[in-house]
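Asker: Residue numbering for the sequence shown is 787 to 1005, as defined by our numbering.
Even for Gly, the Cβ is constructed at its ideal location relative to N, Cα and C.
Please see the structure below; I have some questions.
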Amino acid sequence: NQQLDATVAMIRDAGLDVPCLSSSITVCLDEDGGLAELQHYLRLCRSFGSRFIRVFGGKPADMSCSRAAGILVERLNRLGDMAAEDRVTVLLETHDAWTRTADVADIMSRLDHPYVGVLWDTHHPYRFAGEAFKESWENIGRWVRYTHVKDSVEDPSAPHGARLCLPGEGSIPLRSLWQLLQEKGYEGYFTLEWERPWQKHLPPPEIAFPRFVELCASF
């Protein structure tokens, strides 16, 4: 708790906000659907004043998508009910088995929970599902509360055929994405997700984040 208080104070003194906590809860795979871990994150939300908690959907390899979707709907409802007590919204990220936004839209339309929304990782559907940003927004825009932004180049030798790079140096049309979000009235965060802990070729955040700020200012 002492370390937590010091961290909260440091962030506030810097004039920064912590809008979203990125948990590793994987709803379909966690034994209790993530309920126990969510409790810990809700405590952190109270300390940081965070409004969102990111979760992954996940899917067992031997489970059909329809069966996994049913489990996901049921468990997200429970997570949403728990988070509602703190007025925190649980966000399902477009990730793993739930990268295609049409699949996410099916989940969300069956949920209709005021404290469950979508974290649109804009890179995943565009790069790995071949979706245009406009298509993704048409599918899930009504539920999007938060975004993750990355840039990459196609690289057959890289995992999943894409290599992450500094924002503005890849082939992801980030300016078009920004313009789309503005046109659609999105008022949330445009968040650079910097994956250097897993992608060692990437430069440090001290280089990436100023570059991202400069890029956004040019839009």
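Just reading off the beta strand (DSSP E) that residue 1005 is part of, what are its end residues?
Answerer: Here residue 1005 belongs to no beta strand (DSSP E), and DSSP marks it neither H nor E.
Asker: Alpha carbon to alpha carbon, how far is residue 789 from residue 924? Give it in angstroms, no decimals.
Answerer: Whole-angstrom Cα-Cα distance: 43 Å.
Asker: For the alpha helix (DSSP H) that residue 829 lies in, which residues bound it at each end?
Answerer: Element bounds for residue 829: 821–834.
Asker: Which same chain residues, not among the five before or five after residue 941, have their C-beta less than 7 Å away from its C-beta?
Answerer: The answer, listed in chain order, is 947, 948, 949.
Asker: Does the count of Cβ pairs from the stretch 871–880 and the stretch 841–850 closer than 8 Å reach three?
Answerer: Taking 8 Å as the limit for Cβ pairs, the verdict is that the stretch 841–850 does touch the stretch 871–880.
Asker: Quick check: the Cα distance between residue 945 and residue 913, rounded to an integer number of angstroms?
Answerer: Each residue's Cα considered, the two are about 12 Å apart.
Asker: Rounded to whole angstroms, what's the CA-CA distance from residue 811 to residue 864? Just pull it up for me.
Answerer: Going from the Cα of residue 811 to the Cα of residue 864 covers about 13 Å.
Asker: Whole angstroms are fine: how far does the CA of residue 933 sit from the CA of residue 809?
Answerer: Approximately 15 Å between the Cα atoms of the pair.
Asker: Using only CA atoms, which one of 822, 887, 892, 895 lies nearest to residue 915?
Answerer: It is 887.
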